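Asks:
Residue numbers (this note's numbering), protein chains in the order written: chain W, 247 to 359; chain C, 676 to 790.
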């Protein structure tokens, strides 16, 4: 059974204090690992997809990396507007339902000015 | 700006009443997903459609929940009868299978409160 574990559950940072969020996963065959951002009262917003170990993607202050067992979301010099819950999800190779995502519990990030 | 839309955004109802939630997927997408989000369980997949055909609904309580796609522009999730434990935020997401990215795009959600 797929397992996706995110840590920490909550993270408080000062503005400008860089850090990383972790997503550990266990799947038979990874098709893709997805990162989403969710603001209170809104639906998850797509950030990145990573497909193979060693792959990296960047968007503004965010950089996502992938290994065979985990993914990191690095946040460089965060700003208060980066405060949100960050969700990771995995998609596994299935015979007939390959689009399904299994989500982790999320990391709630709070950036103080 | 293509978005998934959901109605209603908020619903308060009494136990035993029927609840219907609607979703309009992004035009051109051929996959639709229904999720439920609670503080305790996080995001859980309830049902999954591809080209309007149900592919997986193993996460859905079959005795009271039903999901359908009457046409390519409308997906519905119905609860009958509703119970207090159904209180949650229900999200619809759509995507395109076969594009290589298989990214799911989420709607704003329906916040359901069952009293």
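For glycine and all other residues, C-beta sits at the position ideal for the given N, C-alpha and C.
Just so you know, these numbers come straight off a predicted model, no measurement behind them.
#1: Measuring alpha carbon to alpha carbon, tell me which of 679(C), 733(C), 693(C) ends up nearest residue 787(C).
#2: By DSSP's criteria, residue 686(C) is part of a beta bridge. Which residues make up the other side?
#3: With a threshold of 6 Å on Cβ separation, who are the neighbours of residue 322(W) within its own chain once the five nearest residues in sequence on each side are excluded?
#4: Just to check my reading of the structure: residue 336(W) and residue 348(W) have Cβ atoms closer than 8 Å, yes? What is that Cβ distance to the nearest angstrom?
#5: Report the rounded CA-to-CA distance for residue 333(W) versus residue 339(W), giving the unit in angstroms.
#6: If residue 764(C) and residue 712(C) are in contact, beta carbons under 8 Å, what's the gap, nearest whole angstrom?
#7: Is the beta carbon of residue 747(C) less than 8 Å from the beta carbon of residue 727(C)?
#8: Distance, Cα to Cα, residue 762(C) vs residue 251(W)?
#9: Could you name the residues of chain C that residue 322(W) contacts, counting a contact when the two beta carbons are closer than 8 Å?
#10: Compare the C-beta of residue 780(C) against all C-beta atoms of chain W and say whether one is closer than 8 Å.
#11: Between residue 683(C) and residue 696(C), what straight-line distance do the alpha-carbon atoms span, to the nearest angstrom?
#12: Nearest to residue 276(W) by alpha carbon, out of 261(W), 330(W), 315(W)?
#13: What does residue 337(W) touch in chain C if you count any residue whose Cβ is under 7 Å from its own?
#14: If you run the structure through DSSP and keep just helix, strand and coil, what is residue 760(C)?
#15: Taking only heavy atoms of the ligand ZN into account, decide whether any of them is closer than 7 Å to the Cβ of residue 353(W).
#16: Closer than 9 Å, Cβ to Cβ, to anything on chain C: give me those residues from the stretch 262–292 of chain W, in chain order.
#17: With residue 297(W) as the anchor, note down where its beta strand (DSSP E) starts and where it stops.
#18: Mind pulling the chain W residues with CB within less than 7 Å of residue 791(C)?
Replies: Short version:
#1: Cα-wise, what sits closest to residue 787(C) is 693(C).
#2: 787(C), per the DSSP bridge assignment.
#3: Shown here for residue 322(W): same chain residues with a beta carbon closer than 6 Å to its own, the five before and five after excluded, namely 264, 307 in chain order.
#4: Confirmed, about 5 Å.
#5: Taking the straight line joining both Cα atoms gives about 20 Å.
#6: Between residue 712(C) and residue 764(C) the Cβ distance is about 5 Å, and since that is below 8 Å, they are a contact.
#7: Cβ distance < 8 Å, so residue 747(C) and residue 727(C) count as in contact.
#8: Residue 762(C) and residue 251(W) have their C-alpha atoms roughly 25 Å apart.
#9: Around residue 322(W), no beta-carbon contact reaches into chain C at under 8 Å, the shortest distance being about 24 Å.
#10: Cβ-Cβ to chain W under 8 Å: yes for residue 780(C).
#11: In this model, residue 683(C) and residue 696(C) are separated by some 7 Å (Cα to Cα).
#12: Here the closest residue by C-alpha is 315(W).
#13: Those within 7 Å of residue 337(W) in chain C are 777.
#14: Here residue 760(C) sits in helix by DSSP.
#15: Looking for the ligand ZN in the displayed structure turns up nothing, as the structure carries no ligands at all.
#16: Answer in chain order: 277, 278, 280, 282, 284, 287, 288, 289, 290, 291, 292.
#17: For residue 297(W), no beta strand (DSSP E) segment is defined, and its DSSP state is neither H nor E.
#18: Any property of residue 791(C) remains undetermined from this structure, which presents chain C solely from 676 to 790.
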